[in-house]
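Listed in order, the protein sequences are those of chains A and B.
Residues in the first sequence are numbered consecutively from 12, following our numbering.
Residues in the second sequence are numbered consecutively from 12, following our numbering.
Even for Gly, the Cβ is constructed at its ideal location relative to N, Cα and C.
Below is one structure; the comments refer to it alone.
Number of protein chains: 2
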Amino acid sequence: MISTDDASRIVMEQRLPLKTVDISLEEATSHILQEPLLADRDFPPFDRVTMDGIAYAFANLQEGGTLVVEDLQLAGEPQKTLQDTSHCLEVMTGAMLPNNTDTVSRYEDVEIWEEDGQKRARLLVMPEKQGQNIHTQGLDQRVGDLLLEPGVVLNPAAIAVAASIGKTQLQVSRLPGFGIISTGDELVEVGQLPQPYQIRRSNGYALQAALSGMGFPAVQYHFEDTRDAIRKGLQKALSQHDVLILSGGVSKGKKDYVPETLEELGVQKLFHQVKQRPGKPFWFGVNEEGKVVFALPGNPVSTFMCFHRYVKPWLDASMGKKDDRPVYAVLTEDVSFEPALTYFLQVEAHTDAKGVFRAHPYLGHGSGDFANLLRCNGFLELPPEKNTFRKGDAYPFIPF
Amino acid sequence: MISTDDASRIVMEQRLPLKTVDISLEEATSHILQEPLLADRDFPPFDRVTMDGIAYAFANLQEGGTLVVEDLQLAGEPQKTLQDTSHCLEVMTGAMLPNNTDTVSRYEDVEIWEEDGQKRARLLVMPEKQGQNIHTQGLDQRVGDLLLEPGVVLNPAAIAVAASIGKTQLQVSRLPGFGIISTGDELVEVGQLPQPYQIRRSNGYALQAALSGMGFPAVQYHFEDTRDAIRKGLQKALSQHDVLILSGGVSKGKKDYVPETLEELGVQKLFHQVKQRPGKPFWFGVNEEGKVVFALPGNPVSTFMCFHRYVKPWLDASMGKKDDRPVYAVLTEDVSFEPALTYFLQVEAHTDAKGVFRAHPYLGHGSGDFANLLRCNGFLELPPEKNTFRKGDAYPFIPF
Numbered sequence: 012m013i014s015t016d017d018a019s020r021i022v023m024e025q026r027l028p029l030k031t032v033d034i035s036l037e038e039a040t041s042h043i044l045q046e047p048l049l050a051d052r053d054f055p056p057f058d059r060v061t062m063d064g065i066a067y068a069f070a071n072l073q074e075g076g077t078l079v080v081e082d083l084q085l086a087g088e089p090q091k092t093l094q095d096t097s098h099c100l101e102v103m104t105g106a107m108l109p110n111n112t113d114t115v116s117r118y119e120d121v122e123i124w125e126e127d128g129q130k131r132a133r134l135l136v137m138p139e140k141q142g143q144n145i146h147t148q149g150l151d152q153r154v155g156d157l158l159l160e161p162g163v164v165l166n167p168a169a170i171a172v173a174a175s176i177g178k179t180q181l182q183v184s185r186l187p188g189f190g191i192i193s194t195g196d197e198l199v200e201v202g203q204l205p206q207p208y209q210i211r212r213s214n215g216y217a218l219q220a221a222l223s224g225m226g227f228p229a230v231q232y233h234f235e236d237t238r239d240a241i242r243k244g245l246q247k248a249l250s251q252h253d254v255l256i257l258s259g260g261v262s263k264g265k266k267d268y269v270p271e272t273l274e275e276l277g278v279q280k281l282f283h284q285v286k287q288r289p290g291k292p293f294w295f296g297v298n299e300e301g302k303v304v305f306a307l308p309g310n311p312v313s314t315f316m317c318f319h320r321y322v323k324p325w326l327d328a329s330m331g332k333k334d335d336r337p338v339y340a341v342l343t344e345d346v347s348f349e350p351a352l353t354y355f356l357q358v359e360a361h362t363d364a365k366g367v368f369r370a371h372p373y374l375g376h377g378s379g380d381f382a383n384l385l386r387c388n389g390f391l392e393l394p395p396e397k398n399t400f401r402k403g404d405a406y407p408f409i410p411f
Numbered sequence: 012m013i014s015t016d017d018a019s020r021i022v023m024e025q026r027l028p029l030k031t032v033d034i035s036l037e038e039a040t041s042h043i044l045q046e047p048l049l050a051d052r053d054f055p056p057f058d059r060v061t062m063d064g065i066a067y068a069f070a071n072l073q074e075g076g077t078l079v080v081e082d083l084q085l086a087g088e089p090q091k092t093l094q095d096t097s098h099c100l101e102v103m104t105g106a107m108l109p110n111n112t113d114t115v116s117r118y119e120d121v122e123i124w125e126e127d128g129q130k131r132a133r134l135l136v137m138p139e140k141q142g143q144n145i146h147t148q149g150l151d152q153r154v155g156d157l158l159l160e161p162g163v164v165l166n167p168a169a170i171a172v173a174a175s176i177g178k179t180q181l182q183v184s185r186l187p188g189f190g191i192i193s194t195g196d197e198l199v200e201v202g203q204l205p206q207p208y209q210i211r212r213s214n215g216y217a218l219q220a221a222l223s224g225m226g227f228p229a230v231q232y233h234f235e236d237t238r239d240a241i242r243k244g245l246q247k248a249l250s251q252h253d254v255l256i257l258s259g260g261v262s263k264g265k266k267d268y269v270p271e272t273l274e275e276l277g278v279q280k281l282f283h284q285v286k287q288r289p290g291k292p293f294w295f296g297v298n299e300e301g302k303v304v305f306a307l308p309g310n311p312v313s314t315f316m317c318f319h320r321y322v323k324p325w326l327d328a329s330m331g332k333k334d335d336r337p338v339y340a341v342l343t344e345d346v347s348f349e350p351a352l353t354y355f356l357q358v359e360a361h362t363d364a365k366g367v368f369r370a371h372p373y374l375g376h377g378s379g380d381f382a383n384l385l386r387c388n389g390f391l392e393l394p395p396e397k398n399t400f401r402k403g404d405a406y407p408f409i410p411f
């Protein structure tokens with residue numbers, strides 16, 4: 012039996028080789044970028060007017076601030092030039108600042124009227140400073156600057172930046188293919204009416220939902236609890252997917268054929284059993300082709316915890332995602348746990364009005380009580396060295 | 012000009028009528044449930060063995076704890092009966108507890124051997140208590156109990172619960188159809204090489220990415236800045252979508268035709284201009300058919316902020332989602348902001364090792380500096396009544 016830290020380390024050493032694929036900008040949201048994105052021009056690419064109003068040369072402003080309006084500079088028009096530098100031009104937000112001007116006053120601060128067929132403007136409020144209401148060329152970024160580096164998640168802001176530099180296609184991490192496998196002869200299909208001694212399958216759906224929420228496609232299988240069915244099923248699944256996630260069949264039961272069958276099929280065991288509750292019987296291995304097998308315990312809370320604590324960070328790392336910093340939450344009450352195991356406490360955590368992230372424990376009735384997960388939004392990871400965990404102390408939080 | 016609170020309230024009063032649709036369990040992740048889910052049986056539905064080992068009658072245990080093994084009760088088998096109540100049965104995790112037994116000892120605590128053709132077991136560790144290692148019928152939930160109520164997001168745990176009660180189809184909120192519209196003659200397509208006075212479109216992509224991250228389909232349009240193009244385009248978009256999100260064309264510029272054109276087309280203005288920075292020119296309205304129009308300012312940071320501060324909560328409410336509690340983050344340094352406006356400060360926020368959610372400000376260069384959003388993960392909403400905001404104080408956090 013190994014510690015949770017050792018289990019994490021061994022899992023992380025088996026990350027998948029990073030592969031990339033090009034996808035369209037419209038499909039790229041939530042993918043992991045795998046190319047550097049550089050500014051193709053300055054940001055902004057020209058001295059950009061930020062208010063509708065008038066542009067003029069600050070140094071030439073007269074007492075009283077009255078100016079002849081020469082022309083109008085619209086957004087999307089080539090740059091115009093102020094001919095007489097004691098005059099002004101009307102300018103629109105998003106326009107290039109006209110030549111020979113250096114300051115913009117917004118309409119709210121200007122009166123404009125016609126006189127003798129000539130448009131005139133008077134400043135009601137004198138400018139605060141030369142250069143106001145102009146977003147200067149290159150102020151935000153310079154041409155060639157690194158805007159986004161490989162490993163970032165393409166969130167909406169990143170998509171906007173990619174669009175602005177003309178990326179219709181983006182190189183991102185290729186998503187691995189998942190096979191999700193449940194075993195257990197007590198399990199029947201969701202659409203079936205169970206006998207009194209049967210229950211419906213649910214773990215496979217939880218795993219598929221978790222993967223689909225992260226954008227990963229997965230295929231679900233259920234194998235009968237016979238050596239033969241499990242061997243044939245696993246052999247086929249190994250040939251078809253990059254990663255297998257099993258639930259059930261990894262304990263010491265009569266029909267727990269999963270570990271030995273995986274080894275017979277050439278999947279080398281890297282560990283079996285972790286000093287944790289729930290999830291002790293967790294088995295992990297890889298084969299020579301680099302296919303990775305997470306054989307998780309079949310109790311629903313165990314499957315759920317192992318997925319979020321081990322599979323998800325491994326998947327992020329395999330996708331080349333930049334590390335998330337760990338998150339800590341503060342216990343709202345004392346908790347005791349005697350065994351010398353890492354205890355994954357089910358909690359409902361929330362950031363309060365003082366900005367403190369507080370985790371309220373909901374103990375539930377053990378690793379079979381998956382309805383308890385509905386009240387929670389994560390696990391608090393309580394270390395094995397202690398058995399009393401005090402209200403007010405902070406521990407690592409694993410969200411789900 | 013109205014306050015952010017008034018703007019929020021007016022937006023929230025115009026939530027869409029809730030409509031529902033049935034979808035398959037496999038597709039239901041992240042949707043909002045719109046039917047109550049009740050337990051169809053007890054959870055667990057029978058006294059369920061939670062460890063591989065032996066089951067026996069606690070009261071009949073003999074000194075020394077040696078028992079004859081009568082039979083084997085597997086998971087997925089009909090319930091067996093212990094014939095001689097001083098004997099035991101081997102039992103597997105997930106099995107029904109056999110008749111006439113009430114306690115389970117796990118294999119780790121038992122020695123099993125064959126003697127005279129008879130399998131026998133001896134307890135190496137006496138049981139801690141009667142009833143151990145049994146997940147009792149109905150302990151977690153009783154038949155008829157409300158497991159999930161309308162308005163919850165179908166996360167993986169909820170999907171597992173829905174599977175376990177046989178829901179192959181789920182009634183969820185119908186997703187409205189979005190039209191995303193940008194205006195601005197300085198904007199060119201992403202695939203195009205801009206002239207020096209042009210920039211590429213990006214706001215529409217940011218909005219589409221934000222909506223797709225929430226699961227909503229959207230169609231993007233770009234209209235030329237002429238009255239005619241905007242009128243024709245808006246008319247068509249209003250007929251085809253439930254919600255329009257515009258960016259640009261709502262200020263005081265010569266070509267800001269959006270507000271008056273919307274009113275001409277029967278979209279009633281509910282407000283125009285909000286006491287906030289960025290995002291002051293925000294326009295909001297509805298037409299008689301209940302089509303809702305968010306006309307957001309075109310500066311990228313303004314568009315982005317208004318979407319996350321107004322559109323997203325409105326959308327959650329329209330989908331019948333249960334309210335999220337507000338989240339607060341703690342400023343890591345003093346910030347000053349003079350104008351009597353609500354200031355949406357760009358921040359990078361993270362929960363530290365003490366469980367405190369800390370927000371580090373990145374001011375950027377105004378509402379055109381959208382590259383600054385790449386360093387941030389939300390806005391801190393700083394109220395207009397103050398102009399100095401102290402390190403250590405907590406303010407509402409709007410994640411993006």
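What number of angstroms, rounded off, separates the C-alpha of Val346 (chain A) from the C-alpha of Cys317 (chain A)? Counted from its first residue, the first sequence places residue 346 (chain A) at position 335. Counted from its first residue, the first sequence places residue 317 (chain A) at position 306. Distance from the CA of Val346 (chain A) to the CA of Cys317 (chain A), rounded to the nearest whole angstrom, comes to 21 Å.
Please look up how many angstroms separate the CB atoms of Gly195 (chain A) and Ala86 (chain B), rounded, as I've assumed it's under 8 Å. Here residue 195 (chain A) is taken as the residue at index 184 of the first sequence, counted from 1. Here residue 86 (chain B) is taken as the residue at index 75 of the second sequence, counted from 1. 6 Å between Cβ atoms; contact.
Would you check if the distance between the CB atom of Leu276 (chain B) and the CB atom of Leu245 (chain B) is smaller than 7 Å? As a working mapping, residue 276 (chain B) is identified with position 265 in the second sequence. As a working mapping, residue 245 (chain B) is identified with position 234 in the second sequence. Yes; because the gap between Cβ atoms is below 7 Å, this pair is in contact.
Helix, strand or coil for Asn214 (chain A) per DSSP? Taking the first residue of the first sequence as 1, we reach residue 214 (chain A) at position 203. Three-state result, Asn214 (chain A): helix.
Contact with chain A by Ala364 (chain B), beta-carbon distance below 7 Å: Looking up residue 364 (chain B) in the second sequence gives position 353. At a cut-off of 7 Å, the C-beta of Ala364 (chain B) has a neighbouring C-beta in chain A.
Near Gly190 (chain A), which residues of its chain fall below 6 Å by C-beta distance, leaving aside the five closest residues on each side in sequence? Taking the first residue of the first sequence as 1, we reach residue 190 (chain A) at position 179. These residues qualify, in order along the chain: Val230, Ala248, His252, Leu255.
Would you report the Cα separation of Gly105 (chain A) and Phe315 (chain B), rounded to the nearest angstrom? As a working note, residue 105 (chain A) is residue 94 in the first sequence. As a working note, residue 315 (chain B) is residue 304 in the second sequence. Taking the straight line joining both Cα atoms gives about 17 Å.
Please state the DSSP three-state secondary structure of His42 (chain B). Translated into the one-based positions of the second sequence, residue 42 (chain B) becomes position 31. For His42 (chain B), the secondary structure class from DSSP, reduced to helix, strand or coil, is coil.
Any C-beta of chain B under 7 Å from that of Tyr413 (chain A): What the structure shows of chain A is the stretch from 12 to 411, and residue 413 (chain A) is not part of that stretch, so it cannot be assessed.
N- and C-terminal bounds of the alpha helix (DSSP H) containing Ile241 (chain B): For the purposes of this step, residue 241 (chain B) is taken as residue 230 along the second sequence, with counting starting at 1. That run of the alpha helix (DSSP H) goes 238-251.
By the three-class DSSP mapping on this structure, what secondary structure does Gln219 (chain A) have? Mapped onto the first sequence, residue 219 (chain A) falls at position 208. Reduced to three states, the DSSP call for Gln219 (chain A) is helix.
Would you report the Cα separation of Leu384 (chain A) and Ser41 (chain B), rounded to the nearest angstrom? By one-based count along the first sequence, residue 384 (chain A) stands at place 373. By one-based count along the second sequence, residue 41 (chain B) stands at place 30. Whole-angstrom Cα-Cα distance: 16 Å.
Runs of beta strand (DSSP E) lying entirely within the region 61-89 of chain A, each at least 3 residues, in chain order: For the region 61-89 of chain A, whole beta strand (DSSP E) runs of length 3 or above, ordered along the chain, are 64-67, 77-84.
When the Cα atoms are used, what is the spatial distance from Phe368 (chain B) to Gln84 (chain A)? Against the second sequence, residue 368 (chain B) aligns to sequence position 357. Against the first sequence, residue 84 (chain A) aligns to sequence position 73. In a straight line, the C-alpha of Phe368 (chain B) is about 46 Å away from that of Gln84 (chain A).
Is the region 156-176 of chain A touching the region 211-220 of chain A in the sense that three or more CB pairs, one from each, lie closer than 8 Å? Contact between the region 211-220 of chain A and the region 156-176 of chain A is absent, because fewer than three Cβ pairs lie under 8 Å.
Return the chain-ordered list of same chain residues with a C-beta closer than 7 Å to the C-beta of Ser193 (chain A), the five sequence neighbours on each side being excluded. Working through the first sequence from its first residue, we reach residue 193 (chain A) at position 182. Answer for Ser193 (chain A): Arg212, Asn214, Gly215, His233, Ser258, Gly259, listed in chain order.
Select from B:Arg386, B:Leu374, B:Glu101, B:Gly331 the residue whose C-alpha is nearest the C-alpha of Leu44 (chain B). Here the question's residue 44 (chain B) lines up with position 33 in the second sequence. With distances taken between Cα atoms, Leu44 (chain B) lies closest to B:Gly331.
Just mark Thr399 (chain B) as buried or exposed, buried being the case when its beta carbon has 16 or more other beta carbons within 10 Å. Here the question's residue 399 (chain B) lines up with position 388 in the second sequence. So Thr399 (chain B) counts as exposed.
Mind checking whether Val115 (chain B) and Ala70 (chain B) have CB atoms under 7 Å apart? Against the second sequence, residue 115 (chain B) aligns to sequence position 104. Against the second sequence, residue 70 (chain B) aligns to sequence position 59. Judged by beta-carbon spacing, Ala70 (chain B) lies beyond the 7 Å limit of Val115 (chain B), meaning their Cβ atoms are not closer than that value.
Given that Glu37 (chain A) touches chain B, what residues does it touch there, using C-beta distances under 9 Å? Taking the first sequence and counting its residues from 1, one reaches residue 37 (chain A) at position 26. Within 9 Å Cβ-Cβ: Tyr216, Gln219, Ala220, Ser223, Gln231.
Leu93 (chain A) in three-state terms, based on DSSP: For this step, residue 93 (chain A) is matched to residue 82 along the first sequence. The three-state reading of DSSP puts Leu93 (chain A) in coil, since its state is none of H, G, I, E or B.
Check this for me: beta carbons of Leu181 (chain B) and Ala39 (chain B), under 7 Å apart or not? Residue numbering aside, residue 181 (chain B) sits at position 170 when the second sequence is read from its first letter. Residue numbering aside, residue 39 (chain B) sits at position 28 when the second sequence is read from its first letter. Pairing Leu181 (chain B) with Ala39 (chain B) gives a Cβ-Cβ distance under 7 Å.
Could you tell me the boundaries of the beta strand (DSSP E) in which Val172 (chain B) lies? The residue you call residue 172 (chain B) lines up with position 161 of the second sequence. For Val172 (chain B), no beta strand (DSSP E) segment is defined; the enclosing uninterrupted segment is the alpha helix (DSSP H) at 167-175.
So, using beta-carbon positions, are Ala382 (chain B) and Asp151 (chain A) closer together than 7 Å? Here residue 382 (chain B) refers to the residue found at position 371 when the second sequence is read from its first residue. Here residue 151 (chain A) refers to the residue found at position 140 when the first sequence is read from its first residue. A contact, by the Cβ cut-off of 7 Å.
Going by DSSP, name the residue or residues bridged to His146 (chain A). One-based indexing of the first sequence puts residue 146 (chain A) at position 135. Residue pairing for His146 (chain A): DSSP places it in a beta bridge opposite A:Arg59.
Would you call the CB atoms of Leu352 (chain A) and Gln287 (chain A) closer than 7 Å? Position 341 of the first sequence, counted from the start, is the residue given in the question as residue 352 (chain A). Position 276 of the first sequence, counted from the start, is the residue given in the question as residue 287 (chain A). A contact, by the Cβ cut-off of 7 Å.
Taking 8 Å as the threshold, find out whether the region 86-97 of chain B comes into contact with the region 267-275 of chain A through three or more Cβ pairs. With a cut-off of 8 Å, the region 267-275 of chain A and the region 86-97 of chain B do not count as touching, because too few Cβ pairs lie within range.
Run down chain A in chain order and give the residues with a C-beta less than 7 Å from the C-beta of Ser262 (chain B). Start at 1 with the first residue of the second sequence, and residue 262 (chain B) comes out as number 251. Contacts between Ser262 (chain B) and chain A, judged by CB atoms closer than 7 Å, involve Asp63, Thr104 in chain order.
Closer than 8 Å at the beta carbon, the chain A residues around Gly397 (chain B): For the purposes of this step, residue 397 (chain B) is taken as residue 386 along the second sequence, with counting starting at 1. Checking the sequence shown, residue 397 (chain B) turns out to be Lys, not Gly. The premise fails here: Lys397 (chain B) is roughly 17 Å from chain A at the closest Cβ pair, so nothing lies under 8 Å.
Which residues in the same chain as Leu281 (chain B) place their Cβ atom closer than 6 Å to its Cβ, once the five residues preceding and following it in sequence are excluded? Locating residue 281 (chain B) in the second sequence gives position 270, counting from the first residue. Shown here for Leu281 (chain B): same chain residues with a beta carbon closer than 6 Å to its own, the five before and five after excluded, namely Ile21, Phe295, Gly296 in chain order.
When the Cα atoms are used, what is the spatial distance from Pro109 (chain B) to Gln25 (chain A)? For this step, residue 109 (chain B) is matched to residue 98 along the second sequence. For this step, residue 25 (chain A) is matched to residue 14 along the first sequence. Going by the C-alpha atoms only, they are around 43 Å apart.
Closer than 7 Å, CB to CB, is Asp335 (chain A) near chain B or not? Residue 335 (chain A) sits at position 324 when you count from the first residue of the first sequence. Residue-level contact by beta carbon fails for Asp335 (chain A) and chain B, as no gap is shorter than 7 Å.
Quick one: is Glu119 (chain B) buried, meaning 16 or more other Cβ sit within 10 Å of its Cβ, or exposed? Taking the second sequence and counting its residues from 1, the one referred to as residue 119 (chain B) is at position 108. Flag for Glu119 (chain B) reads exposed.
Answer with buried or exposed for Pro324 (chain B), where buried requires no fewer than 16 other C-beta atoms within 10 angstroms of its C-beta. Taking the second sequence and counting its residues from 1, the one referred to as residue 324 (chain B) is at position 313. When all chains shown are included, Pro324 (chain B) counts as buried.
Residue from B:Pro410, B:Lys365, B:Leu393 whose Cα sits closest to the Cα of Phe408 (chain A): Position 397 of the first sequence holds residue 408 (chain A). Per the Cα distances, B:Lys365.
In angstroms with no decimal places, state the Cα-to-Cα distance between Phe414 (chain A) and Glu139 (chain B). Outside the displayed span of chain A (12 to 411) sits residue 414 (chain A), for which this structure offers no information.
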